[in-house]
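Enquirer:
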Amino acid sequence: MLAAFTAFGPSAYSVPLEPSPPNGTYVALGDSYASGVGAPPYASGTDVQGGNGCKRAAGAYAHQVAGQTGKTLDFGACSGARIPDFYNPRTSWNEPAQLNHLNSSTSLVTFSIGGNDAGFSTILTKCITAAPFTTCSGNKEVSEQVDGAISALAGKTTRAGITSYDTLVADIAARAPGATVVAVGYPRMFTPQGAGQILPVPGRCEGVTKVDQRWINAKTNEINAAAKAAAQRHGYRFADPSGSFAGHELCGKQSSWFDGLINDGRFHPNAAGHKAIAGSVMGVLKEQPAAAQELPAAAHAQVDNTRPAGSFTLARNGDQLALDASASTDSDGTIANIDWYIQRADGSEEILTGAQATATVPADEQVSVTAVITDNQGKEDFTTQIAPAA
Numbered sequence: 003m004l005a006a007f008t009a010f011g012p013s014a015y016s017v018p019l020e021p022s023p024p025n026g027t028y029v030a031l032g033d034s035y036a037s038g039v040g041a042p043p044y045a046s047g048t049d050v051q052g053g054n055g056c057k058r059a060a061g062a063y064a065h066q067v068a069g070q071t072g073k074t075l076d077f078g079a080c081s082g083a084r085i086p087d088f089y090n091p092r093t094s095w096n097e098p099a100q101l102n103h104l105n106s107s108t109s110l111v112t113f114s115i116g117g118n119d120a121g122f123s124t125i126l127t128k129c130i131t132a133a134p135f136t137t138c139s140g141n142k143e144v145s146e147q148v149d150g151a152i153s154a155l156a157g158k159t160t161r162a163g164i165t166s167y168d169t170l171v172a173d174i175a176a177r178a179p180g181a182t183v184v185a186v187g188y189p190r191m192f193t194p195q196g197a198g199q200i201l202p203v204p205g206r207c208e209g210v211t212k213v214d215q216r217w218i219n220a221k222t223n224e225i226n227a228a229a230k231a232a233a234q235r236h237g238y239r240f241a242d243p244s245g246s247f248a249g250h251e252l253c254g255k256q257s258s259w260f261d262g263l264i265n266d267g268r269f270h271p272n273a274a275g276h277k278a279i280a281g282s283v284m285g286v287l288k289e290q291p292a293a294a295q296e297l298p299a300a301a302h303a304q305v306d307n308t309r310p311a312g313s314f315t316l317a318r319n320g321d322q323l324a325l326d327a328s329a330s331t332d333s334d335g336t337i338a339n340i341d342w343y344i345q346r347a348d349g350s351e352e353i354l355t356g357a358q359a360t361a362t363v364p365a366d367e368q369v370s371v372t373a374v375i376t377d378n379q380g381k382e383d384f385t386t387q388i389a390p391a392a
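Residue numbers (the numbering used here): 3 to 392.
(1) What are the start and end residues of each continuous alpha helix (DSSP H) run of 4 or more residues lying completely inside the stretch 68-123, in chain order?
(2) Jot down the residue ranges of each uninterrupted alpha helix (DSSP H) in the stretch 249-284, minimum 4 residues, whole runs only, in chain order.
(3) Where does Q387 sit, in a helix, a strand or coil, going by DSSP?
(4) Would you check if there are 3 or more beta carbon pairs closer than 8 Å linking the stretch 177-188 to the stretch 338-345?
(5) Is the separation between the beta-carbon of W95 and that of C129 shorter than 8 Å?
(6) Got a sec? Which residues, its chain only, sit under 6 Å from D383 by beta carbon, not counting five neighbours each side?
(7) Quick one: measure Cβ to Cβ for A99 and F88, integer angstroms, because I've assumed they're closer than 8 Å.
(8) Roughly how many whole angstroms lie between the Cα atoms of R268 and G320?
(9) N223: which of A241, D266 and T362 sits nearest, CA to CA?
(10) Going along the chain, which residues of its own chain have a beta-carbon closer than 6 Å to the beta-carbon of P23, five neighbours each way excluded?
(11) Per DSSP, which one or two residues make a beta bridge with L316?
(12) Would you check if the distance between the CB atom of A120 and the CB atom of K221 is smaller than 8 Å?
(13) According to the Cβ coordinates, are K277 and Q66 closer than 8 Å?
(14) By a C-beta neighbour count over all protein chains shown, 10 Å radius and 16 as the cutoff for buried, is K288 buried or exposed?
(15) Is it true that the CB of L325 sits closer than 8 Å to the CB of Q358?
(16) Helix, strand or coil for T376, going by three-state DSSP, please let me know.
(17) What's the C-alpha gap between I152 and S244?
(18) Taking only three categories from DSSP, how would you classify C207?
(19) Within its chain, find whatever has a CB closer than 7 Å to the CB of I337; leave out the 5 residues flanking it on each side and keep chain order.
(20) Given a cut-off of 8 Å, decide if C207 and C253 are closer than it, judged by their beta-carbon atoms.
This is the structure:
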């Protein structure tokens, strides 16, 4: 594993070689978001019950990028992949190590990886099955696993089985030295503050509470920031599809570009979503990347930003619940915003804003209160308390 970002200097990275030829081989690597789960049909031999489950879809963004660039697609992405699958074969599925798809004739590489390493599938299961008055962000079993994995992906710490994005990008560069490389981010799954629907669970979106939707978005932002920083430090590109998904999230105002809970491709982009991701990739391919030496400050900013430290008090006076998070701090910046999520016994959630806020709650009703503390660089901390009945 590499050491923390502060140990990295521009001299540690090489600028990509001369631009890749207009045609050639395009290698698409990654997990289910890259293989196309949610955008079937799947290629023969990749959706086998009890066998190969890579699920390489005809609707995946890789096929669209290949068509628009005129390159021959070598599709190595595989559902369920983690970073170790880039280095080790999955012999039971007859799948080589994903990096083995690369060689000196590779002209374009895209990769999307890290979500499974961070345990996103576990997150969603825990969030959906969360009982009233509990949150994913407040569940240390979940939050510590996710935060530790993201820290290792960012190269700040080490964790068994997780290779940092910097090491991964360097290994891609070594195997495909003349290729254009694009790290592809994960689109945000939920609306910015969270949304609700009637089914399958009233007040939740596809079974997930509003506050946990907000938390999942925050973790998506953090993993994207780590991948972006690593790609840019090596002079490569990062495609962020989140902007194009605005309004098309689960429970968004427009048609969703994700499959919902009852679909086979649940919590994955559908065909429309993959079209949008392809558009993001094509957009950055038209840009001229800066040399690696020119990027350190911008590339480090979001990832090296320290999470704010949320802290709040609550006090009940009859039906009035007084909330105060003015003691929250940010060691390397300022507190920009504080939102409150008040989870009621009936599953409904009230959202308030401000360092101090007052909610009206019947004195005999227990509620869960989560403060979301956002710093001036957009990083968020979540802290939860239970307000027992008076």
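Every residue gets a Cβ at the ideal spot worked out from N, C-alpha and C, and that includes glycine.
Expert: Per the coordinate set shown:
(1) Whole alpha helix (DSSP H) segments, 4+ residues: 86-89.
(2) none
(3) Strand, per DSSP.
(4) Counting Cβ pairs under 8 Å, fewer than three are found: no touch.
(5) With contacts defined as CB atoms closer than 8 Å, W95 and C129 fail to qualify as a contacting pair.
(6) R309, P310, G312 and I375
(7) 6 Å
(8) 43 Å
(9) A241
(10) Confidence in P23 is poor, its pLDDT being 49 and thus under 50, which makes the residue's placement unreliable; the coordinate value appears in the next sentence. Cβ within range, chain order: S109.
(11) L325
(12) yes
(13) yes
(14) exposed
(15) Here Q358 is near L325, since their CB atoms are less than 8 Å apart.
(16) DSSP places T376 within a strand segment (E or B) once states are collapsed to three.
(17) 19 Å
(18) strand
(19) P310, S330, I375 and D377
(20) yes
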